[in-house]
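Numbering (the numbering used here), first residue to last: 27 to 554.
The beta carbon of each residue, even a glycine, is placed where N, CA and C say it ideally should be.
Here the structure is laid out as structure tokens; the discussion comes afterwards.
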């Protein structure tokens, strides 16, 4: 599953859920088909943390928008590890040289308005993405070494994509293409601002019925959905920005499913109507060390901080139990292809930390630590780090910020506006390791820490074109070792994600709990 860029941080609720999957040949895959079993009147109400900024997949880049997009617009296919699940695509073939991708669409695909979905829509969507005047956030995904890929129509059901050079992660990029209807948007000079986005015509299992800004969004099932009638007749999203208010709504039955944190598990578990489901979304909780700070620009200082942090204290204080999180050592998540924990562990060592500070010539260091306010997990991590660093002579001022302010500062281009030198963050990158290049290579918008290592840049480029799996794995393992050695970020934990859901709902395994969207395929969720 590939998820739009720049979504790197939602304060430990992730953002940047990126690439997934590996470049595998052929079209061996798992079909996502289902039987028609909908009954009248079945519904569910879920939580949206804020107003979606858009419904259009060319621009969706926040959690609420992407969740809504996933219900309205179907992808070509989805890759999870070695498994490919087909949606709009019936077949995908990759040439032996990895330069040509041939895709066949399913028979009788329809938009929500009944018009046929054809390769003309695919080509139109690609052209809209590549049109600089349309400012799609997806444009860079379809550039290989700065050159655009080529989409070519074969007939109404078949198209091919030619790459100018090998890019092993492209199968994942292609999987995430969610076409928009040519007959709706053709001629629009500014698709992002088009009023047609207010009543989107999609291809997914649900379509928008009603929107009350700041309150709720109501979806009706798409009875022409190509995988059969969705089980639930309606899906509603209540917009509840406050985490505690959302949990209260869950407890009293106003909403039937929502994400929860470890500190909420005990309370929620006492509710006889709710089940708590845990899943690994590949999150890496981390400490950002902003290198515009002249002291943090020194590798020895960053390493000193790493040795000074007592990870066991963080696990106990912030996560409560290893049931909810595992200690992180690599900056790649364990579900990433070619993950290794054969990296420097930075086991707690105050004496070594002090020695490194001394060798760096740093004394009486004062740092500011930013994080999203109102989150007990983040607050606990911040307090442990503050106390740990005090023991080696570093004074840390805590800077809790409202979420949008924190994100604005984390991603700002004007680094002088930051009110912190370090930040507690989290990201989900998916299974495909190529996505991590956006965090650890030069001049990338997600390289918020300002990390620069030419050798790492070179290794990422070599890995992106290496077709031999064993050699590719060696390159990515070397990357992990180098970025951890440099403490480009400090890995804290791999937390589990938890969803509390009303016991009257079934089909959860089939709908599949995933990052951001909550459910990969809402059409399979059912109600007793």
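{"Check": "4-residue-minimum alpha helix (DSSP H) runs that sit fully inside the segment 337 to 368, ordered along the chain", "Outcome": "337 to 340"}
{"Check": "Residues of its chain near residue 464, where Cβ-Cβ distance is below 6 Å and the 5 sequence neighbours each way are ignored", "Outcome": "470 and 472"}
{"Check": "CA-to-CA distance, residue 178 to residue 296, given in whole angstroms", "Outcome": "56 Å"}
{"Check": "Closest residue to residue 134 among 550, 144 and 237 (Cα-Cα distance)", "Outcome": "144"}
{"Check": "Local Cβ density within 10 Å of residue 304, reported as buried at 16 or more and exposed below that", "Outcome": "exposed"}
{"Check": "Touch test, the segment 477 to 491 against the segment 239 to 250, Cβ-Cβ under 8 Å, three pairs minimum", "Outcome": "no"}
{"Check": "Cβ neighbour criterion (16 or more within 10 Å) applied to residue 240", "Outcome": "exposed"}
{"Check": "Residue 395 beta carbon less than 8 Å from that of residue 448", "Outcome": "yes"}
{"Check": "Residue range of the alpha helix (DSSP H) that includes residue 500", "Outcome": "495 to 511"}
{"Check": "Backbone CA spacing between residue 165 and residue 259 [nearest angstrom]", "Outcome": "35 Å"}
{"Check": "Beta-carbon proximity check, residue 327 vs residue 383, cutoff 8 Å", "Outcome": "yes"}
{"Check": "In chain order, each beta strand (DSSP E) run of at least 3 residues that lies wholly inside the segment 80 to 144", "Outcome": "103 to 106, 109 to 112, 115 to 120 and 126 to 131"}
{"Check": "Cα-Cα separation between residue 156 and residue 87, rounded to whole angstroms", "Outcome": "17 Å"}
{"Check": "For residue 407 and residue 506, the rounded distance between their alpha carbons", "Outcome": "24 Å"}
{"Check": "Cβ contact (3+ pairs, closer than 8 Å) linking the segment 349 to 360 and the segment 506 to 524", "Outcome": "yes"}
{"Check": "Inter-residue Cα distance where the pair is residue 122 and residue 128", "Outcome": "12 Å"}
{"Check": "Simplified DSSP state of residue 146, which is helix, strand or coil", "Outcome": "helix"}
{"Check": "Identified DSSP bridge partners for residue 305", "Outcome": "523"}
{"Check": "Runs of alpha helix (DSSP H) wholly within the segment 140 to 220 (minimum 4 residues, chain order)", "Outcome": "145 to 156, 196 to 201 and 208 to 211"}
{"Check": "Contact the segment 527 to 542 vs the segment 357 to 376: 3+ CB pairs below 8 Å", "Outcome": "no"}
{"Check": "Residue from 233, 300 and 79 with nearest C-alpha to residue 524", "Outcome": "300"}
{"Check": "Residue ranges of each alpha helix (DSSP H) within the segment 456 to 490, 4 or longer", "Outcome": "463 to 466"}
{"Check": "Three-state secondary structure assigned by DSSP to residue 59", "Outcome": "Its pLDDT being 45, under 50, residue 59 is placed unreliably in this model, and the value from its coordinates should be taken loosely. In this structure, residue 59 counts as coil in the three-state DSSP scheme."}
{"Check": "Residue(s) in a DSSP beta bridge with residue 394", "Outcome": "423"}
{"Check": "CB of residue 124 within 8 Å of CB of residue 192, strictly", "Outcome": "yes"}
{"Check": "Residue 376, DSSP secondary structure in three states", "Outcome": "helix"}
{"Check": "Extent of the continuous beta strand (DSSP E) run through residue 245", "Outcome": "242 to 247"}
{"Check": "Pair within 8 Å by beta-carbon distance, residue 520 and residue 360", "Outcome": "yes"}
{"Check": "Distance between residue 207 and residue 113 (C-alpha atoms, nearest Å)", "Outcome": "16 Å"}
{"Check": "Cross-strand partners of residue 236 (DSSP beta bridge)", "Outcome": "244"}
{"Check": "Own chain residues within Cβ distance below 7 Å of residue 290, not counting five before or after", "Outcome": "273"}
{"Check": "Endpoints, the beta strand (DSSP E) within which residue 260 is located", "Outcome": "260 to 265"}
{"Check": "Neighbourhood of residue 314 by C-beta distance below 7 Å, restricted to the same chain and skipping five residues each side", "Outcome": "448, 449, 451, 474, 475 and 515"}
{"Check": "Start-to-end residues for the beta strand (DSSP E) that takes in residue 72", "Outcome": "69 to 74"}
{"Check": "CB contact below 8 Å: residue 462 versus chain B", "Outcome": "Judged by its chain identifiers, the structure shown contains no chain B, having just a single protein chain."}
{"Check": "Backbone secondary structure at residue 47 - three-state DSSP", "Outcome": "A caution first: residue 47 carries a pLDDT of 30, below 50, which makes its placement in the model unreliable, though a value can still be read off. Reduced to three states, the DSSP call for residue 47 is coil."}
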